[in-house]
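In this note's numbering, the protein residues as written are 286 to 473.
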């Protein structure tokens, strides 16, 4: 029945009409109360777009480094700076400001906020140095530095972990044996 289109009811009707099948007992009842037909989609899922997406794209064109520095933190509640930028531009547009001016104002606010965060952290470091303490971790680190900090333990581990050292020794022995084998055969 896979060559026919339609649901069970239309397929069965076609088979009964073509005398390929005897009329089942449930066909009349199903014709009186047919099953619900759900709307079909074309197979293409529409892309979700928000009004601020246009401005977010422009933000990333102006600030390409922001993709890596201001990464989206899923467990956090703060929206990413690009989205805040888009919301601010839309807010200014609703107030009657032109698009260029709204983007300039939002960009200026983004840059000043970023500078304020850097300034606050440098002040924290100065205070810690004056008190003779270790400087606190950066509360606004870039995503790349966060990932590197997480991986630092594993990078150092490879030099001291006995399991890894055994694997390295085994690889060295295999490589030496392979090299010796090649030399004995006379080829490279």
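Built from N, CA and C at the ideal position, the CB exists for glycine as well.
Predicted, not measured: the structure shown is a model, and the values here were computed from it.
#### Entry: Minimum C-alpha distance to residue 426 - residue among 349, 448 and 403
Ranking the options by Cα distance to residue 426, first place goes to 403.
### Task
Determine the extent of the alpha helix (DSSP H) in which residue 297 is found, giving its start and end residues.
293–302
### Task
Could you tell me the boundaries of the alpha helix (DSSP H) in which residue 524 lies?
A question about residue 524 goes unanswered here, because the residues of the chain that appear run from 286 up to 473.
#### Entry: Cβ pair residue 387, residue 373 closer than 9 Å
yes
### Task
Just confirm the distance between the C-beta atoms of residue 477 and residue 340, as a whole number of angstroms; I'd bet it's less than 8 Å.
Summary: the structure shown does not reach residue 477, with the chain confined to residues 286 through 473, and so no result is reported for it.
### Task
Count the CB pairs spanning the stretch 360–369 and the stretch 342–352 that are closer than 8 Å, and state whether there are at least three.
yes
### Query
When you compare only the Cα positions, how much space is there between residue 333 and residue 454?
Distance between the alpha carbons of residue 333 and residue 454 is about 53 Å.
### Message
Residues in the same chain with beta-carbon distance under 6 Å from residue 338, minus the five sequence neighbours each way, listed in chain order, please.
### Response
none
### Task
Determine the DSSP secondary structure at residue 323, reduced to helix, strand or coil.
In the structure shown, residue 323 sits in coil (DSSP, three-state: anything other than H, G, I, E or B).
### Query
Roughly how many whole angstroms lie between the Cα atoms of residue 383 and residue 375?
10 Å
#### Entry: CB of residue 410 within 9 Å of CB of residue 421, strictly
Yes.
### Query
Which class does residue 444 belong to by DSSP, given the choice of helix, strand or coil?
helix
### Query
Taking the alpha-carbon positions, what's the residue 431 to residue 392 distance?
25 Å
#### Entry: Bounding residues of the alpha helix (DSSP H) (the contiguous stretch that carries residue 308)
Careful: residue 308 lies outside any alpha helix (DSSP H) and carries neither H nor E.
### Query
So, is residue 407 buried or exposed, given that buried needs 16 or more other C-beta atoms within 10 angstroms?
exposed
### Task
Using a threshold of 9 Å, state whether the C-beta atoms of residue 449 and residue 442 are closer than that.
yes
### Three-state secondary structure assigned by DSSP to residue 363
Of the three classes helix, strand and coil, the one that applies to residue 363 here is coil, per DSSP.
### Query
What's the gap between the Cα of residue 440 and the Cα of residue 447?
14 Å
### Query
Can you check whether the CB of residue 294 is closer than 9 Å to the CB of residue 320?
yes
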